[in-house]
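Engineer:
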Amino acid sequence: MLKIHNTLSRDKQDFIPIEPNKVRMYVCGMTVYDYCHAGHARVMVVFDMVYRWLKASGYDVTYVRNITDIDDKIIKRAAENNESIHALTQRFIDAMHEDERALGVLAPDHEPRATQFVPQMLEMIAQLEQNGMAYRAADGDVNYAVRKFPGYGKLSGKSLEDLRAGERVDVADSKHDPLDFVLWKHAKESEPAEVKWESSWGPGRPGWHIECSAMASEILGRHFDIHGGGADLQFPHHENEIAQSEGAHQCQFVNYWMHNGFVRVDNEKMSKSLGNFFTIREVLKKFDAEVMRFFILRAHYRSPLNYSDMHIDDAKSALTRLYTALKDVPPSLPIDAIQIDWDVPAAKAFKVAMDDDFNTPEAMAVLQGLAKEINISKSRDVANLLLALGGVLGLLQQPPIRFLQGGERIVATLHLTAPAPTLEARGEALDIDALIEARAAAKQAKNFAEADRIRKELLAAGIVLEDSAAGTTWRRA
RNA sequence: GGUGCGAUAGCAAAGCGGUUAUGCCCCGGAUUGCAAAUCCGGUUAGCCCAGUUCGACUCUGGGUCGCACCUCCA
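Residue numbering for the first sequence follows the working numbering, beginning at -19 and increasing consecutively.
(1) Just verifying my parser: in three-state terms, what is the DSSP assignment at ASN46?
(2) Alpha carbon to alpha carbon, what distance is there between THR340 and ARG278?
(3) Sorted by chain position, which residues of the same chain lie with C-beta nearer than 7 Å to VAL263's C-beta, five sequence neighbours on each side aside?
(4) Just to confirm, are ALA329 and VAL346 a CB contact at a threshold of 8 Å?
(5) With a Cβ-Cβ cutoff of 8 Å, do ASN8 and GLY209 count as a contact?
(6) Measure the alpha-carbon distance for SER357 versus ALA351 and round it to whole angstroms.
(7) Under 8 Å, with one C-beta from each stretch per pair, do the region 41 to 50 and the region -3 to 17 reach the 3-pair mark?
(8) Alpha carbons only, please: which of ILE416, TYR281 and GLY442 is nearest the one belonging to GLU430?
(9) Contact defined as beta carbons within less than 8 Å: I believe ARG456 pairs with LEU384. What is the distance between those atoms, to the nearest angstrom?
(10) Just to confirm before moving on: does the CB-CB distance between LYS53 and TYR13 stay below 8 Å?
(11) Less than 8 Å separating the beta-carbons of GLU270 and GLY84?
(12) Going by DSSP, what residues sit across from SER448 in a beta bridge?
(13) My understanding is that PHE204 touches SER136, with C-beta atoms under 8 Å, so please give their C-beta distance in whole angstroms.
(14) Suppose you measure from the CA of ALA520 to the CA of PRO158; what does that come to, to the nearest Å?
(15) To the nearest angstrom, report how far apart ARG360 and LEU306 are at their CA atoms.
(16) Is it buried or exposed for ALA363, if we count other Cβ within 10 angstroms and need 16 for buried?
(17) Tell me, to the nearest whole angstrom, how far the beta carbon of LEU34 is from that of GLN224; I am working on the premise that it is less than 8 Å.
(18) Give me the residue from MET250, ASN247 and SER139 with the minimum Cα distance to GLU219.
(19) Determine the closest residue to ASP294 out of SER283, ILE276, VAL309 and PRO311, with distance taken between C-alpha atoms.
(20) Could you give the distance in angstroms between the alpha-carbon of GLY255 and the alpha-carbon of ARG244?
(21) Using 8 Å as the cut-off, can you tell me whether the region 181 to 196 makes contact with the region 83 to 100, which would need three or more C-beta pairs spanning the two stretches below that distance?
(22) If we count the other Cβ atoms within 10 Å of its Cβ and call it buried at 16 or more, is VAL494 buried or exposed?
(23) Using CA atoms only, rank isn't needed, just tell me which of LEU410, ILE105 and GLU141 is closest to TYR124.
(24) Is it a yes or a no for the region 233 to 247 touching the region 62 to 77, going by three-plus beta-carbon pairs under 8 Å?
(25) Going by DSSP, which residues form a beta bridge with SER(-15)?
(26) Would you grab the beta carbon distance between ARG185 and ILE50 for me? Rounded to a whole angstrom, and I think it's under 8 Å.
(27) Classify LYS165: buried if its beta carbon has 16 or more other beta carbons within 10 angstroms, exposed otherwise.
(28) Between which residues of its own chain and GLY182 is the CB-CB distance below 8 Å, once the five residues before and five after are set aside?
(29) Determine, using beta carbons only, whether GLU91 and MET24 come nearer to each other than 8 Å.
(30) What are the start and end residues of each continuous alpha helix (DSSP H) run of 4 or more residues lying completely inside the region -4 to 39, in chain order?
(31) Given that a residue counts as buried once 16 or more other Cβ atoms are within 10 Å of its Cβ, and exposed if not, what is HIS(-15)?
(32) Under a three-way DSSP split, which group does HIS90 fall into?
(33) Distance, Cα to Cα, ARG435 vs ASP413?
(34) So the beta strand (DSSP E) LYS165 belongs to, where does it begin and stop?
(35) Quick check: the Cα distance between ALA353 and LEU86, rounded to an integer number of angstroms?
(36) Compare the Cα-Cα distances from PRO310 to each of LEU143, LYS296 and ASN355 and report the closest residue.
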């Protein structure tokens, strides 16, 4: 039985879907005005893992992850770049999709863009106004009246009093309550036509929070199973989503709220505002994308995750161990042909871990255990299981040799880039196969000094040789 | 100030009221021409103070420290 930590109740609960065998899930995606950073990578990978596990558990899953393509920051950035909103957002949507593909993140079933759902948002705002929960302020904005929603604060565990006590910003006078938030922003002269929509409250554009409420209910219905996002969205974004959706529809919005922990740098949250972020593409220049994915899944999704090159290197070593086992004992079947027998102890342990609020660190330990078993028994059945369970997490799906030898650079003749001080300096290409052959000849002639010299030369270029009965193979250090 | 979360070995990170987490690093051994990989074994734990218990890293209470949210943020 799958248990999920529900932010709403702050404990683990048995997961019971609204409709048997079906799961409807919504995750807050990116605001597309810049490249995604490691923090975004975590949301993508974590909920991709959730999506995969739900499917592996036999559920028919509908996964929606939205794109916010209209927002203050987007307007500002487009103006700075002297670029249209659409050109800017499309550029970063494309970049985001590239990052996701690299990280092994499956496409969600729906990827709605806010700008495509403005009519639904307007409809919802009208419903809220009709229910007496929205009002038109003096400045022309339409606001949500938090006082009118009795459950306000139930997700974040805050009372209106607590929230007001902590109010740290000057409040617009036009709001009835400092915590009221904008549903519809009236258009400003300075803004481009591209961000103005007609409405019964005059031209304007939607507030951020209403976007998700409208997209989620339009695609998944007014009441669905799982809603996810980063921990920072808990308040106010998700709190406001509840207020909007339940205020408009008068029924429960979401059964299970899931929030992933932050990526940190030097023990501080990685964020745009702090400026301490690394974009996904920066990281992928240094590491295989699968290492990044592995690094993220090595921690529990709700724990903080410290980012540093050292920690990613650590993850790389651990993942290398798994791939080494698969290289030495190749699975006998392709992934699609492997039927996982969940009664096998290791598979069972994996399932128990995953069913316990997606305990991927524990599941990873099972994979390491399988690697050891493979190394000892050389069992191809066990290799099949490792490949299959890895696949459930979106891992271990490259040919081992490709991972170990460095991605696309599988060709025997390498034009080395970064880690090749000696050869690089001479601008030479390194013919690994030829050097391995030369070394084999030297070994044959018992010229170990020469053999070792060649090995050292390759090592200096980041190439590790491994001799075995079957011959010599190489991998990247 | 309010609210919430956390503190595990050199590093990272889980479970668990009593039995090896796991990975990386380190040490010894096997193997190897020497290495690498692999295997066998080993060293390093549970912030502090009380309490509950036959027994606590695990439960309870009190500290201390850290982080997050309360403002756009994954």
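Backbone N, C-alpha and C define an ideal beta-carbon position, used for all residues, glycine too.
Keep in mind that this is a model prediction, so the values were computed, not measured.
Structural biologist: In short, the structure shows the following:
(1) Position 66 of the first sequence, counting from 1, holds the residue named residue 46. Annotated three-state conformation of ASN46 is coil, per DSSP.
(2) Position 298 of the first sequence holds residue 278. Position 360 of the first sequence holds residue 340. Looking at the two C-alpha atoms, the distance is approximately 6 Å.
(3) Taking the first residue of the first sequence as position 1, residue 263 is located at position 283. So the list reads ALA18 and MET272, once near-sequence residues are dropped.
(4) Within the first sequence, the letter at position 349 stands for residue 329. Within the first sequence, the letter at position 366 stands for residue 346. It is a contact, given that the beta carbons lie within the stated cut-off.
(5) Here residue 8 is taken as the residue at index 28 of the first sequence, counted from 1. Here residue 209 is taken as the residue at index 229 of the first sequence, counted from 1. Asn is not the amino acid found at residue 8; the sequence shown has Cys there. Result yes, Cβ atoms of CYS8 and GLY209 sit closer than 8 Å.
(6) By 1-based counting over the first sequence, the position of residue 357 is 377. By 1-based counting over the first sequence, the position of residue 351 is 371. Their backbone Cα atoms lie some 10 Å apart in a straight line.
(7) yes
(8) For this step, residue 430 is matched to residue 450 along the first sequence. Checking every option, the nearest Cα to that of GLU430 belongs to ILE416.
(9) Within the first sequence, residue 456 is the residue found at index 476, counting from 1. Within the first sequence, residue 384 is the residue found at index 404, counting from 1. Yes, they are in contact, since the Cβ atoms of ARG456 and LEU384 sit about 7 Å apart, within 8 Å.
(10) For the purposes of this step, residue 53 is identified with residue 73 of the first sequence, where counting begins at 1. For the purposes of this step, residue 13 is identified with residue 33 of the first sequence, where counting begins at 1. Yes, these two residues count as a Cβ contact at 8 Å.
(11) Sequence index remark: in the first sequence, residue 270 carries index 290 (1-based). Sequence index remark: in the first sequence, residue 84 carries index 104 (1-based). Contact flag set, yes.
(12) Position 468 of the first sequence, counted from the start, is the residue given in the question as residue 448. SER448 is bridged to GLY451.
(13) In the first sequence, residue 204 corresponds to position 224, counting from 1. In the first sequence, residue 136 corresponds to position 156, counting from 1. Not confirmed; about 20 Å, so no contact.
(14) The structure shown does not extend to residue 520, since the chain spans only -19 to 457, so no value can be given for it.
(15) The residue given as residue 360 occupies position 380 in the first sequence. The residue given as residue 306 occupies position 326 in the first sequence. Looking at the two C-alpha atoms, the distance is approximately 9 Å.
(16) Here residue 363 refers to the residue found at position 383 when the first sequence is read from its first residue. When all chains shown are included, ALA363 counts as buried.
(17) On the first sequence, position 54 is the one that residue 34 refers to. On the first sequence, position 244 is the one that residue 224 refers to. Wrong, their Cβ atoms sit about 26 Å apart, outside the cutoff.
(18) Counted from its first residue, the first sequence places residue 219 at position 239. Ranked by how close their Cα comes to the Cα of GLU219, the residues MET250, ASN247 and SER139 have SER139 in first place.
(19) Against the first sequence, residue 294 aligns to sequence position 314. Of the listed residues, the one whose Cα sits closest to ASP294 is ILE276.
(20) Along the first sequence, read from residue 1 onward, the residue named residue 255 stands at position 275. Along the first sequence, read from residue 1 onward, the residue named residue 244 stands at position 264. Each residue's Cα considered, the two are about 12 Å apart.
(21) yes
(22) An answer regarding residue 494 cannot be provided, because it is not within the stretch -19 to 457 covered by the chain.
(23) Residue mapping note: residue 124 aligns to position 144 of the first sequence, counting from 1. Ranking the options by Cα distance to TYR124, first place goes to ILE105.
(24) Of all C-beta pairs linking the region 233 to 247 to the region 62 to 77, fewer than three are shorter than 8 Å, placing the two stretches out of contact.
(25) Along the first sequence, read from residue 1 onward, the residue named residue -15 stands at position 5. First, the amino acid is wrong: residue -15 is His here, not Ser. Bridge partners of HIS(-15): LYS(-8).
(26) Translated into positions along the first sequence, residue 185 becomes position 205. Translated into positions along the first sequence, residue 50 becomes position 70. Their Cβ separation, rounded to whole angstroms, is 6 Å, which keeps ARG185 and ILE50 in contact under 8 Å.
(27) Counting from one through the first sequence, the residue named residue 165 turns up at place 185. Classification of LYS165: buried, given that the 10 Å Cβ count is 16 or more.
(28) Here residue 182 is taken as the residue at index 202 of the first sequence, counted from 1. Sequence-distant partners of GLY182 (beyond 5 residues in either direction) whose C-beta falls short of 8 Å from its own C-beta, in its chain, are GLY120, HIS166 and ALA167.
(29) As a working note, residue 91 is residue 111 in the first sequence. As a working note, residue 24 is residue 44 in the first sequence. Their beta carbons are not under 8 Å apart, which means GLU91 does not touch MET24 by this criterion.
(30) 18 to 36
(31) Within the first sequence, numbered from 1, the residue matching residue -15 stands at position 5. Counting Cβ neighbours within 10 Å, HIS(-15) comes out buried, since at least 16 surround it.
(32) Translated into positions along the first sequence, residue 90 becomes position 110. HIS90: strand per DSSP, three-state reduction.
(33) Position 455 of the first sequence, counted from the first residue, corresponds to residue 435. Position 433 of the first sequence, counted from the first residue, corresponds to residue 413. Going from the Cα of ARG435 to the Cα of ASP413 covers about 12 Å.
(34) Residue 165 sits at position 185 when you count from the first residue of the first sequence. Start and end: 161 to 166.
(35) Against the first sequence, residue 353 aligns to sequence position 373. Against the first sequence, residue 86 aligns to sequence position 106. According to the sequence provided, residue 353 is Glu. The question's Ala does not apply to it. So the two alpha carbons sit approximately 30 Å from each other.
(36) Numbered from 1 along the first sequence, position 330 holds the residue referred to as residue 310. It is ASN355.
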